[in-house]
Amino acid sequence: MNRFCQFLGRAVLAGSLSLLALLATAAPAFAAEEGEPAPDFTLPGVRTTDATVQLSELQGKVVYVDFWASWCLPCLRSLPQINGLYEQYRDQGFEVVAITIDDPVEDATDFLDDLEVPLAYSVVLDATADVMDQYRVVGMPTSFLIDRDGIIRHVHKGFREGDTALLEQTLLPLLAE
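Mature numbering (1 follows the signal peptide of the UniProt record, and there is no 0) puts the sequence shown at residues -31 to -1, 1 to 146.
Structure, rendered in structure tokens:
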């Protein structure tokens, strides 16, 4: 009986570990890599007066989707710089959607209220982090540059000095398409 219990315990443990390994390595059924279609989403604005954004409604434009949070220091530096790019290129079909996962949402709205220059682009809330999971975001900030056909053309993780210039170099050919 004792040997049987040991065998059964080991079998259950081995099966559990195998299942965990399988789940950990299984890729989600969503694209989040360059060359793949961008997962569609519909998210509400961070304020009740802000519009809801549905990514598929922006098809035909080049869209920069930026995942951020108020507690992320690189995010706080990137948002105003991306705003400058948006202001410069929006008339050429460039859109920016900043997605926050802040909980409570007041953390995001307080941050936005404290900016010297208000953001001119859409800021939406992913309260459940479902969209973040669809895009397989593991760190903040992470951004996706999506072409006019809805295909992810560039994925960028983090934000450092010089990244805005690199983004602009990637953006300009897409705007010309």
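Beta carbons are placed, not taken as given, at the ideal position from N, Cα and C, and that holds for glycine. Nothing here was measured: the structure is a model prediction, and the numbers come from that model.
The criterion of a C-beta distance shorter than 8 Å is not satisfied by residue 105 and residue 38. In this model, residue 31 and residue 20 are separated by some 19 Å (Cα to Cα).
An exposed status is given to residue 89, since fewer than 16 other beta-carbon atoms sit within 10 Å of its beta-carbon. Here the alpha carbons of residue 4 and residue 120 stand approximately 6 Å from one another. For residue 43 against residue 128, the beta-carbon gap comes to about 4 Å, under 8 Å, which counts as contact. Around the beta carbon of residue 110, a 10 Å sphere encloses 16 or more other beta carbons of the protein chains shown; the residue is thus reported as buried. Counting only the Cα atoms, residue 91 lies some 16 Å from residue 79. As the crow flies, the alpha-carbon of residue 64 is around 12 Å from that of residue 143.
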